[in-house]
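Visitor: Dropping a structure here in structure tokens format, bear with me for questions.
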Ligand SMILES: *[C@@H]1O[C@H](CO)[C@@H](O)[C@H](O)[C@H]1NC(C)=O
Ligand SMILES: *[C@@H]1O[C@H](CO)[C@@H](O)[C@H](O)[C@H]1NC(C)=O
């Protein structure tokens, strides 16, 4: 009686392992050796990506140069379109809107892809809170940041490409932003 059960479990485990391995090989063409970079590089990359919500939510757009390279290519898709270069990105992000935002980052992977290059995927839920007549109203955006980064100084990494992948419909009161 033990044998069939063991075989079933072994098969299940092997299948599961294969699925995981396939999932990992399936994105960005990594060599399967992600995260074996210097831990201080991983921390520096995480720090750079984490700065973005604080800058955006405090509307301190001038500090975006501590997150992105001057020649960043960012595709914000349906939200802001394709933005070529930091001035274009800064202009799009700082367009006045009568909302308070809170960008909350969560699940993340970081891979060192070469000497001074890395890629990262980060989930984000962004909250948009209405002001004035819309106080108490909000909507949510669910997305993933697919970033590549370059090491610019010994301890600093900057994002040089960002693709924003929207993962679900926007939920909430979209009329708090007049153009939506
Ligand atoms: C930006 O991303 C969208 C959605 O993935 C895609 O359809 C579009 O072609 C991209 N634009 C550029 C210029 O890469
Ligand atoms: C959005 O908020 C405004 C202001 O509170 C309200 O009048 C309107 O009904 C809301 N719309 C939706 C779809 O909830």
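Numbering (mature numbering (1 follows the signal peptide of the UniProt record, and there is no 0)), first residue to last: -21 to -1, 1 to 159.
For each residue, glycine too, the CB sits at the ideal point set by N, CA and C.
A quick note: this is a predicted structure, and the numbers were derived from the prediction, not measured.
Is the beta carbon of residue 160 within less than 7 Å of some heavy atom of ligand 2?
Guide: Missing from the structure shown is residue 160; the chain here goes from -21 to 159 and no further.
Visitor: Can you list, in chain order, the residues of its chain whose CB lies under 8 Å from that of residue 40, leaving out five sequence neighbours each side?
Guide: Closer than 8 Å at the Cβ level, and outside the excluded window around residue 40, lie 34, 69, 72 and 73.
Visitor: In chain order, what residues of the same chain have a beta carbon less than 8 Å from the beta carbon of residue 152, not counting five sequence neighbours either side?
Guide: Only 109, 113, 116, 117 and 118 meet the Cβ criterion.
Visitor: Give me the residue from 53, 51, 30 and 50 with the minimum Cα distance to residue 167.
Guide: This structure gives no information on residue 167, because the portion of the chain shown stretches from -21 to 159.
Visitor: Mind reading off the beta-carbon distance from residue 64 to residue 50? Whole number of angstroms is fine, and I expect it under 8 Å.
Guide: Rounded, the Cβ-Cβ distance is 6 Å, consistent with contact.
Visitor: Ligand 1 and residue 61: does any heavy atom of the ligand fall closer than 7 Å to the residue's C-beta?
Guide: Checking the Cβ of residue 61 against ligand 1 gives yes.
Visitor: Are residue 122 and residue 107 touching if we call contact CB-CB under 8 Å?
Guide: Not a contact, by the Cβ cut-off of 8 Å.
Visitor: Could you check whether the Cβ of residue 54 sits closer than 7 Å to any heavy atom belonging to ligand 1?
Guide: Within the cutoff, so yes.
Visitor: Could you check the C-alpha separation between residue 103 and residue 150 for me, to the nearest Å?
Guide: Computed Cα separation, rounded: 14 Å.
Visitor: Check the DSSP bridge columns for residue 180 and list the partner residues they point to.
Guide: Given that the chain is displayed from residue -21 to residue 159, the structure contains no residue 180 and the question cannot be resolved.
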